[in-house]
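One structure is given below, encoded as structure tokens.
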Amino acid sequence: MTTQEETGIYGLMAEFDTPSSAVAAARQTYDAGYRRINAYSPYPIEELAEAIGFHKNMVPLTVFICGILGAIGGISLQIWTSAIDYPLNVGGRPLISLPSFIPITFECTVLLASFGAFLGMLIMNGLPKPYHPVFNVPTFDRASIDRFFVCVKADDPKFNEDETRAFLTRLGAREVSHVEK
Amino acid sequence: MNTNYAAPSDLGRIQGVALGIGLLGIVAWVIGLTLSGNVREIFFHSYLVAFVFWAGIALGCLGMLMIQYLGGATWGLIIRRPLESGSHTLILMAILFIPVAVGLGNIYEWMHRESITDEKLRAMLDHKSLWLNPKFFIVRTAIYFAVWLLLMLVLRKRSHKLDETGDPALIQSAQDWSGPGFLLYAIACTFAAIDWVMSLDAEWFSTIFGMLLIVGQGVAAIAFIISVCVILSRREPMNHVLKPKHFHDLGKLLLALVMVWAYFSFSQLLIMWSGNLPEEIPWYIERFKGTWGYLGIALILGHFFLPFVLLLSRDLKRNGRRLVFVAWLVIIMRFIDLLWLIVPEFEHGHPGHLKDYLIYIASTVGMGGLWLGWFFWQLRSKALVPYNDPLLPEALAAGGGH
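So the sequence lines, in the order shown, correspond to chains A and B.
The first sequence lines up with residues 1 to 181 when you count with my numbering.
The second sequence lines up with residues 1001 to 1402 when you count with my numbering.
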């Protein structure tokens, strides 16, 4: 941490013109032993996420657990309201009339699961984040238009500014920028 | 024929095994029939279940074939040949309909209007006899098969010509046929579902019934295609073609179809449960009793919950050898679903024991031998992928695009 604070460097950002060159570069960076890598593209590229070794995360599990909680909550609420607290006889059907309870249970499952997805994604991404160093790269705006970026972070054990810069340049980056902290 | 994609030689062995198991099924069927008291009735009842099951997979293949042309996605290209082979079995199914036509009197209640003592029921059947009479029934089925066979042959002809010429206009033409074709297909399937299955209880009706069987066909067809792809992916040349990505796509499709099946089935139950009308609810009351109640729960768990939860996993979908177990579960559940829909109508409110239904397994396995024999004969006769399709390189790329 101390060396980073001294040099004030967040990492090195390599810029690519095409998705395939970015994917190839990310793959080679990963193969070269770098692990603290990030990639930015204007639209989701599944191969890019795979290339930097990022596909396992806890969001699906969060969604699943929240969904189950929603289902249990939804069905318990209905059982309590129409069978326990105020027993309601609807045309002689059983008090716990499961088929009629399913739609609400389903909606509650979806509601809680989407909360889980939305909030889980925000929290695990560390959002909201008013400041992020990557925006110090002047051309980075184009990551949401037509450019593809691969960033090697300075806290990677293999990181060495000169070597890493040379390495990224060899991969065919049109530009490798120093990312200010 | 492009030898790069020729079918592996041991598909012939698999075909032989399928025919052998089918033969065992037929032997078991015959033994079961001789042991049962009422050979003629039981034969036609078990025959109808087997017929609807295998016709369903054949029709599901035809439907998916048109959908993959319409979607124009590359996942469809990889399974086009298995789908074509599956829909070609419709010729076999058309021949196998003849016994159903012969046994109408043993299968359908509406054939015996005269002998019904219940005045109200007889008046209702008299009223419906304009539609539910044997001549018109057979003519209608002939029309359904004419529609399906026409679509199958049209698409097949274009696909085979594409192998020779590689002319992209042929794909366009297949696509142009598939749009209106799918509409005709769905209408014919809806009416077939009403005639073959729903009319077993001539009093009862459900407007979603056709869709229910169409989705069931899709589920069965995709599960079957996954099994075929796993067999192929263990052999030359398809072991170089079928990647985790392709199984991922097929797994997603199976997940979606399983959900649609559950949605349609539940919609029908919810509406009838809420209405609780005397002309609708008896159908369910019959199916909540005894063995059928347990099989109904098995359907909820095995045809929806279990495959749904398993198929959520990305790793499982990408691993063909694990995905195939879900596919088999779903195929077995399709069979149980058809039992649950059809057989209670033969019992008039007196559900039997589980062992009484073994004969239905025997008949379905027996007919399955023939069906699979036909399927593998078709699959072996052509290259396993449409090698002249302009999209093939994209479909074969490791990514296996959409």
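The C-beta atom is built at its ideal place from N, Cα and C for all residues, glycine as well.
It should be emphasised that the depicted structure is a prediction, and the values quoted were computed from it without experimental measurement.
Closest in C-alpha terms to Val1102 of chain B, from the list B:Leu1277, B:Leu1301, B:Trp1377, B:Phe1043, comes B:Phe1043. When CB distances to chain A are screened at a threshold of 7 angstroms, the residues of the segment 1247-1281 of chain B falling below it are Phe1266, Leu1269, Leu1270, Trp1273, Ser1274, Asn1276, in chain order.
Annotation for Tyr1357 of chain B: Thr1291, Leu1339, Val1343 place their beta carbon closer than 8 angstroms to its own, counting only its chain and skipping 5 residues before and after. In the DSSP assignment, Val179 of chain A is bridged to A:Gly11.
With contact defined as three or more Cβ pairs closer than 8 angstroms, the segment 1232-1243 of chain B and the segment 1279-1287 of chain B are not in contact.
When rounded, the separation of the alpha-carbon atoms in Leu1023 of chain B and Gln1378 of chain B is 20 angstroms. Judged by beta-carbon spacing, Ile1222 of chain B lies within the 8 angstroms limit of Leu1250 of chain B, meaning their Cβ atoms are closer than that value. Taken through DSSP and simplified to helix, strand or coil, Val150 of chain A comes out as strand.
The shortest CA-to-CA distance from Gly1072 of chain B to any of B:Arg1321, B:Ile1171, B:Leu1019 is the one to B:Ile1171.
Taking a contact to require three or more Cβ pairs closer than 8 angstroms, the segment 1017-1035 of chain B and the segment 1115-1128 of chain B do not qualify as touching. Residues are counted here when their Cβ sits less than 8 angstroms from a Cβ of chain B; for the segment 93-112 of chain A these are Arg93, Ser97, Pro99, Ser100, Ile102, Pro103, given in chain order. An exposed status is given to Glu107 of chain A, since fewer than 16 other beta-carbon atoms sit within 10 Å of its beta-carbon.
In this structure, DSSP gives Ile52 of chain A a state outside helix and strand, which the three-state scheme calls coil.
Rounded to the nearest angstrom, the gap between the Cα atoms of Pro1082 of chain B and Val1241 of chain B is 14 angstroms.
Here Gly1218 of chain B really is in contact with Gly1060 of chain B; their C-beta atoms are around 5 angstroms apart, less than 8 angstroms. Between Leu168 of chain A and Val179 of chain A, the C-beta gap is not smaller than 8 angstroms, which leaves the two residues out of contact. DSSP links Tyr40 of chain A through a beta bridge to A:Phe149. In the three-state reduction of the DSSP assignment, Phe159 of chain A falls in the coil class, being assigned neither a helical nor a strand state. One finds nothing in chain B with a Cβ atom closer than 8 angstroms to the Cβ of Gly116 of chain A; even the nearest lies about 14 angstroms away. Taking a beta-carbon distance threshold of 8 angstroms, Gly70 of chain A does not count as an interface residue toward chain B.
For Phe1205 of chain B, the secondary structure class from DSSP, reduced to helix, strand or coil, is coil. If you ignore the 5 residues before and after Ala1220 of chain B, its C-beta comes within less than 7 angstroms of the C-beta of Gly1056, Ile1057, Gly1060, Ile1331, Arg1334, all in its own chain and listed in chain order. Between Pro1307 of chain B and Val1258 of chain B, the beta carbon gap of about 5 angstroms places them in contact (Cβ cut-off 8 angstroms). For Gly91 of chain A, the neighbours in chain B by C-beta distance under 7 angstroms run, in chain order, Asn1276. Leu1019 of chain B places its beta carbon less than 8 angstroms from that of Gly1369 of chain B. Note that the C-beta distance between Trp1261 of chain B and Val1215 of chain B is below 8 angstroms.
Across the set B:Arg1318, B:Leu1200, B:Thr1190, B:Leu1392, the C-alpha of B:Thr1190 shows the shortest separation from the C-alpha of Leu1213 of chain B. The C-beta distance from Glu1345 of chain B to Leu1200 of chain B rounds to 4 angstroms, short enough to fall under 8 angstroms. The C-beta separation of Leu1270 of chain B from Pro99 of chain A comes to about 5 angstroms, placing the pair in contact by the 8 angstroms criterion. For Gln78 of chain A, the closest of A:Val176, A:Leu12, A:Ala24, A:Thr105 by C-alpha to C-alpha distance is A:Thr105.
If you look at Thr62 of chain A, you'll find it in the alpha helix (DSSP H) that goes 59-79.
Counting the other CB atoms within 10 Å of its CB gives Ala1142 of chain B a total below 16, which places it among the exposed residues. Of B:Leu1077, B:Met1111, B:Lys1128, B:Phe1051, the smallest CA-CA separation from Leu1092 of chain B is found for B:Phe1051.
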